[in-house]
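K.L.:
Structure provided below as structure tokens; questions to follow.
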Amino acid sequence: MNWEAILMTMPYMTVVILFMIGLFTVLFKKNLIKIIMGIAIMQNAANLFLVSLAYRRGEHAPVFTSAESTEMVMPTAHALTLTSIVIGLATTALLLSFVIMIKKHYGSINTDDVRRCKE
Amino acid sequence: MNIDIVQHSPALILAVPLLFAFLTPLVDRISEKGRDALFFLGLIIMAFFVAIMAYEVYTVGEWSYVFGGGTVTPTGADSSFFRILFVADGVSAMASITLTISAIGAAIYSYTFMKDETGLNKFNTLFFLMVAGVNGMVLTGDLFNLFVWFEVASVSSAALIAFKTYEGKAVEAALKYMIISVIGGLFFLLSIGFLYGQYGVLNYQLLAENITGTNLDKIALTILVVVLALKAGAVPLHFIIPDAYSMAPGSVTAVLVVASQAGLWVLFRVVFTLYGVAVNTLTIGWIVIVLGILSMFIGVTMALVQKTVKRLMAYHAISQTGYMLLGVGVGLAVLGKPEMGLYGRTAMEGGVFHIINHAMYKGLLFLTAGAIIFKTGIRKLDDLGGLGHSMKWTMGFFIIGALAIAGIPPFNGFASKLMIYKSVYRFNPLLSIIAMVVSILTLASFVKVFHSIFMGPKDEDIYDTGDVPKPMLAGMTILAAFVILFSLFPGAVVSNIVEPAVEALGVI
Amino acid sequence: MNWKMSLVVRTVTNFLIVPIIVFGIYLVIHGHLTPGGGFQGGAVIASSTALLIIAYGSLGKHKKDLSSMEALGLTMFILIALFGIGSTMFYNYLAGTGGIFGGVVPEGANAGFINTGGTVPLMNIFVGLEVAAALSLILWMMSKETKVLETEKSSPSAEGQEVRD
């Protein structure tokens, strides 16, 4: 087996596995809190994908303070990931607030009961 | 200190709503009248900057604005490589004009519509944030910045849909809208990752020069088309639109229409500018045409059986989105071929003109529906009736909107639909016939709605003298005035506003 | 409506709040030198609010103060960005000059000097202020909604309107 190739692509395989787990949770679970957890797992998978895109072999983290050497990874992807984490926090907070209000109005957080819009 | 306001206008269009959004809670602690005054002041200042930018784009030409750079225009690939760019061209000018007109009409309308609600300072903040988000989506020239504004727009739209938190259905509609938008945003982020990992740049222009048609590019294009069709509300990804539009407060729905159309603008930019002739545009064109036909047909047939006013109008919005997709899809399918000069350009101009027409008359229709609900408190069509005796102005505006949406001459809906019919017929006659049948069904549906709301004897249960308050009428008048203005001078609108947008998309 | 924990927990909380907030401020101020910055430091400061809510049960009457702090932080952020409109928005007009955070940055790997960076540390401070206030508000509103052990219910609609991010 080509161990080197498997090692090099392991972050990407992890991303795919995490994303699929999150997607299956959103599609097939009926509890609203579990759906939101699935969304959080998907957000983590997307962030991991962005960070692992930037890695080059033998280079270090892009911090100038007390740096070991000046060969550094390009930090554009890290900036994108930070932005994505903040956006993920805001959307999770909003989704959880909606679930709290739905529990107050409907009395349950099962998606089979939260269906009154069609009447 | 010489500040060239015209050069800085893209950034100022974005900075003014953000600044006023954050100033509103501070001013609200001091006085309430100040908060309302700040609301209108912010929108009027933003309209001023939009007018300056549009005038400069239409007379001089397009330009890019680099954030944080030393000079305003990029001086080559190195200096603007890592920075965020805003692009001011025909597309951004047209989309900003549409958004400004809708936002000002909805803001004047909501002065009395939302008077009885508490927490109004949060409404103003969220409104400004949504306007800033939609403006950012169409003004930006960078893919990741697009993702950021996409998320800002979807978060603030969802919070505005759920504004009336004492109704359980509004919160449910907002939850569904939010979940689907967030998952769409995550897929968007994945496709940005694919493109960034291959080419290392995220700028529209640099990416368009470097892109080739590898398999990963095609996967990224598929994901982008699906996510943006989801935001715009094309069938078969339309499930969030009816719930969200019907449960939002009246003035918010009028701006939500423009927010969904921002998804369409970005879709056109991605497919034309970013990919261009790197992939087989005939296939993608046919996919967009099929999405358009499905949206038109399914939208109008589902609208015929609805029993609530706003849900019916939401399905009609889906159907009209199909017209825009059809027109631009035909233009995409003949990109780069000689037929483009014959009918492709007219099809694109028809599709793009339909976008601004639709925002005007659909916004007007949603505002009238909000006025009816404000006055009577009833949403179902069966219980309404005989309102034409007391709500004369609202009935007049409804007639204008209904005739415009059905494509009756001389209104502006007819002008853009005629351009679509003419050019699509030469591409494939069957598509044009389906479009005409859908238009007839739209007319039938609106005749039914008009009859059941306004005609008939006075219903003693809901009869109330007088029309809705004056600010609501003023908001509706603004949108109706633009509908009539576009109906009277469609040629001038097409040659001044629509053609620069079509040229900016890369269609010669 | 009070749900306090025991005296031991409250005393230790009083003790521990100070290091947490100092650590958060350290992360915010050194954002241009080490990993950190506005959002990360603000999140750490907001975790001290979580500790306060768990130990004391409520935050008292400070809701409007937190809301104003958040709005103030964001307004100053946009205003600082707008002052660079001489060349473009968000331009770093304080870097290299002798002003507040102006100092010349030595090239290459160095030990890190705070007095550099220009507008970046200023923006970090305001963003940290805003994030701390916003996350504290979110935590507090959610904790008020989900209290299970009270005898009377909190009023349904007036408290549940704080749904923005």
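Taken in order, these protein sequences are the chains called X, B and C.
Residue numbers for the first sequence follow the numbering used here, beginning at 59 and rising by one.
Residue numbers for the second sequence follow the numbering used here, beginning at 6 and rising by one.
Residue numbers for the third sequence follow the numbering used here, beginning at 3 and rising by one.
Each residue gets a CB set at the ideal place from its N, CA and C atoms; glycine is no exception.
Taking Cβ-Cβ distances below 8 Å as the criterion, which residues of the stretch 113-128 of chain X are in contact with chain B?
P.N.:
Taking 8 Å as the Cβ-Cβ cut-off against chain B, none of the residues of the stretch 113-128 of chain X qualify.
K.L.:
Secondary structure at residue 94 of chain B, three-state DSSP: helix, strand or coil?
P.N.:
Against the second sequence, residue 94 of chain B aligns to sequence position 89. Of the three classes helix, strand and coil, the one that applies to residue 94 of chain B here is coil, per DSSP.
K.L.:
Just the Cα atoms here: how many angstroms apart are residue 79 of chain B and residue 70 of chain B?
P.N.:
As a position in the second sequence, residue 79 of chain B is number 74, starting the count at 1. As a position in the second sequence, residue 70 of chain B is number 65, starting the count at 1. Note on residue 79 of chain B: pLDDT 49, under 50, position unreliable in the model; the coordinate value appears next. Straight-line Cα distance between these residues: approximately 8 Å.
K.L.:
Is the CB of residue 362 of chain B under 8 Å away from at least one CB in chain X?
P.N.:
Your numbering for residue 362 of chain B matches position 357 in the second sequence. Residue 362 of chain B does not count as touching chain X.
K.L.:
Output the distance between the C-alpha atoms of residue 105 of chain X and residue 139 of chain X, rounded to the nearest integer angstrom.
P.N.:
Position 47 of the first sequence, counting from 1, holds the residue named residue 105 of chain X. Position 81 of the first sequence, counting from 1, holds the residue named residue 139 of chain X. Computed Cα separation, rounded: 5 Å.
K.L.:
Is there contact between the stretch 406-416 of chain B and the stretch 363-371 of chain B, where contact requires at least three CB pairs shorter than 8 Å?
P.N.:
Verdict: yes, contact present.
K.L.:
Can you tell me the Cα-Cα spacing of residue 242 of chain B and residue 235 of chain B, whole angstroms?
P.N.:
Within the second sequence, numbered from 1, the residue matching residue 242 of chain B stands at position 237. Within the second sequence, numbered from 1, the residue matching residue 235 of chain B stands at position 230. One C-alpha to the other measures close to 5 Å.
K.L.:
For residue 105 of chain C, I'd like the list of residues in its chain whose CB is within less than 7 Å of its CB, leaving aside the five on either flank, ordered along the chain.
P.N.:
If you number the third sequence from 1, residue 105 of chain C lands on position 103. Closer than 7 Å at the Cβ level, and outside the excluded window around residue 105 of chain C, lie 115, 117 and 118.
K.L.:
Please list the terminal residues of the continuous beta strand (DSSP E) segment that includes residue 71 of chain B.
P.N.:
Along the second sequence, read from residue 1 onward, the residue named residue 71 of chain B stands at position 66. Here the beta strand (DSSP E) through residue 71 of chain B covers 68-71.
K.L.:
Nearest chain E C-beta to residue 354 of chain B closer than 8 Å, yes or no?
P.N.:
The chain labelled as chain E is not found among the protein chains of the depicted structure, namely X, B and C.
K.L.:
Given a threshold of 16 other Cβ atoms within 10 Å of its Cβ, counted over all protein chains shown, does residue 187 of chain B qualify as buried or as exposed?
P.N.:
For the purposes of this step, residue 187 of chain B is identified with residue 182 of the second sequence, where counting begins at 1. Label assigned to residue 187 of chain B: buried.
K.L.:
Would you list the one or two residues that DSSP bridges to residue 118 of chain X?
P.N.:
For the purposes of this step, residue 118 of chain X is identified with residue 60 of the first sequence, where counting begins at 1. According to DSSP, which records beta bridges pairwise, residue 118 of chain X is partnered with X/130.
K.L.:
Which whole-angstrom value is the C-beta distance of residue 497 of chain B and residue 95 of chain B, which I expect to be below 8 Å?
P.N.:
Here residue 497 of chain B refers to the residue found at position 492 of the second sequence. Here residue 95 of chain B refers to the residue found at position 90 of the second sequence. That belief does not hold up - the Cβ atoms of residue 497 of chain B and residue 95 of chain B are roughly 15 Å apart, past 8 Å.
K.L.:
Given that a residue counts as buried once 16 or more other Cβ atoms are within 10 Å of its Cβ, and exposed if not, what is residue 347 of chain B?
P.N.:
Within the second sequence, numbered from 1, the residue matching residue 347 of chain B stands at position 342. Under this definition residue 347 of chain B is an exposed residue.
K.L.:
Give the C-beta separation of residue 376 of chain B and residue 351 of chain B to the nearest angstrom, bearing in mind that I take them to be a contact with Cβ-Cβ under 8 Å.
P.N.:
On the second sequence, position 371 is the one that residue 376 of chain B refers to. On the second sequence, position 346 is the one that residue 351 of chain B refers to. Between residue 351 of chain B and residue 376 of chain B the Cβ distance is about 37 Å, and since that is not below 8 Å, they are no contact.
K.L.:
State the start and end residues of the unbroken alpha helix (DSSP H) segment that holds residue 181 of chain B.
P.N.:
Here residue 181 of chain B refers to the residue found at position 176 of the second sequence. Element bounds for residue 181 of chain B: 173-204.
K.L.:
Verify the CB distance criterion: does residue 222 of chain X have a CB-CB separation below 8 Å to chain B?
P.N.:
Absent from the structure is residue 222 of chain X, since the part of chain X shown begins at 59 and ends at 177.
K.L.:
Sorted by chain position, which residues of the same chain lie with C-beta nearer than 6 Å to residue 78 of chain C's C-beta, five sequence neighbours on each side aside?
P.N.:
Counting from one through the third sequence, the residue named residue 78 of chain C turns up at place 76. Cβ neighbours of residue 78 of chain C beyond the five flanking positions: 128.
K.L.:
Please confirm whether residue 335 of chain B and residue 428 of chain B have their CB atoms less than 8 Å apart.
P.N.:
Your numbering for residue 335 of chain B matches position 330 in the second sequence. Your numbering for residue 428 of chain B matches position 423 in the second sequence. Yes, Cβ-Cβ distance for residue 335 of chain B and residue 428 of chain B is below 8 Å.
K.L.:
Along chain C, in chain order, which residues have C-beta atoms closer than 8 Å to that of residue 254 of chain B?
P.N.:
Your numbering for residue 254 of chain B matches position 249 in the second sequence. Result: empty, since nearest Cβ-Cβ is about 14 Å, beyond 8 Å.
K.L.:
Would you list, in chain order, the members of the stretch 364-388 of chain B that have their beta-carbon closer than 9 Å to a beta-carbon of chain C?
P.N.:
Answer set for the stretch 364-388 of chain B: empty.
K.L.:
Is the stretch 92-105 of chain X in contact with the stretch 134-153 of chain X, if contact means three or more CB pairs nearer than 8 Å?
P.N.:
Taking 8 Å as the limit for Cβ pairs, the verdict is that the stretch 134-153 of chain X does touch the stretch 92-105 of chain X.
K.L.:
Could you name the residues of the stretch 19-37 of chain B whose beta carbon sits closer than 7 Å to any beta carbon of chain C, in the order they occur along the chain?
P.N.:
Hits within the stretch, in order: 20, 23, 24, 27, 28, 30, 31 and 34.
K.L.:
So with CB distances below 8 Å, who are the chain X contacts of residue 149 of chain B?
P.N.:
Position 144 of the second sequence, counting from 1, holds the residue named residue 149 of chain B. Residues of chain X passing the Cβ test: 138 and 141.
K.L.:
Within 10 angstroms of its Cβ, does residue 9 of chain B collect 16 or more other Cβ (buried), or is it exposed?
P.N.:
Position 4 of the second sequence, counting from 1, holds the residue named residue 9 of chain B. So residue 9 of chain B counts as exposed.
K.L.:
Suppose you measure from the CA of residue 145 of chain B to the CA of residue 138 of chain B; what does that come to, to the nearest Å?
P.N.:
Locating residue 145 of chain B in the second sequence gives position 140, counting from the first residue. Locating residue 138 of chain B in the second sequence gives position 133, counting from the first residue. Cα to Cα, residue 145 of chain B sits roughly 11 Å from residue 138 of chain B.
K.L.:
With distances taken Cα to Cα, identify the nearest neighbour of residue 169 of chain B among B/196, B/118, B/152 and B/191.
P.N.:
Within the second sequence, the letter at position 164 stands for residue 169 of chain B. When only C-alpha atoms are compared, the closest one is B/118.
K.L.:
Between which two residues does the alpha helix (DSSP H) harbouring residue 163 of chain B extend?
P.N.:
As a first step, residue 163 of chain B must be located in the second sequence, where it is residue number 158. Start and end: 148-166.
K.L.:
Taking the alpha helix (DSSP H) that residue 324 of chain B falls in, what are its first and last residues?
P.N.:
Position 319 of the second sequence holds residue 324 of chain B. Looking at the DSSP string, the run of the alpha helix (DSSP H) that includes residue 324 of chain B is 314-338.
K.L.:
Just by C-beta distance, which residues in the stretch 49-76 of chain C are closer than 8 Å to chain B?
P.N.:
If the cut-off is 8 Å between Cβ atoms, the stretch 49-76 of chain C has 66, 69, 70, 72, 73, 74 and 76 near chain B.
K.L.:
So is residue 154 of chain X in contact with chain C if we call contact Cβ pairs under 8 Å?
P.N.:
For the purposes of this step, residue 154 of chain X is taken as the residue at position 96 of the first sequence. By this cut-off, residue 154 of chain X is an interface position.
K.L.:
With a cut-off of 8 Å on the beta carbons, I'd call residue 20 of chain B and residue 91 of chain C a contact; round off their distance for me.
P.N.:
On the second sequence, position 15 is the one that residue 20 of chain B refers to. On the third sequence, position 89 is the one that residue 91 of chain C refers to. Indeed, because the Cβ distance is near 6 Å, the residues count as touching under 8 Å.
K.L.:
Just tell me which of B/11, B/349, B/434 and B/27 has its CA closest to the CA of residue 134 of chain B.
P.N.:
Sequence index remark: in the second sequence, residue 134 of chain B carries index 129 (1-based). If we check each option's Cα against that of residue 134 of chain B, B/27 comes out closest.
K.L.:
Quick check on the DSSP output: the alpha helix (DSSP H) that includes residue 417 of chain B runs from which residue to which?
P.N.:
Along the second sequence, read from residue 1 onward, the residue named residue 417 of chain B stands at position 412. Start and end: 417-432.
K.L.:
Report the three-state DSSP secondary structure of residue 118 of chain C (helix, strand or coil).
P.N.:
In the third sequence, counting from the first residue as 1, residue 118 of chain C sits at position 116. In this structure, residue 118 of chain C counts as coil in the three-state DSSP scheme.
K.L.:
Give the straight-line distance between the Cα atoms of residue 503 of chain B and residue 303 of chain B, rounded to the nearest whole angstrom.
P.N.:
As a first step, residue 503 of chain B must be located in the second sequence, where it is residue number 498. As a first step, residue 303 of chain B must be located in the second sequence, where it is residue number 298. About 28 Å.
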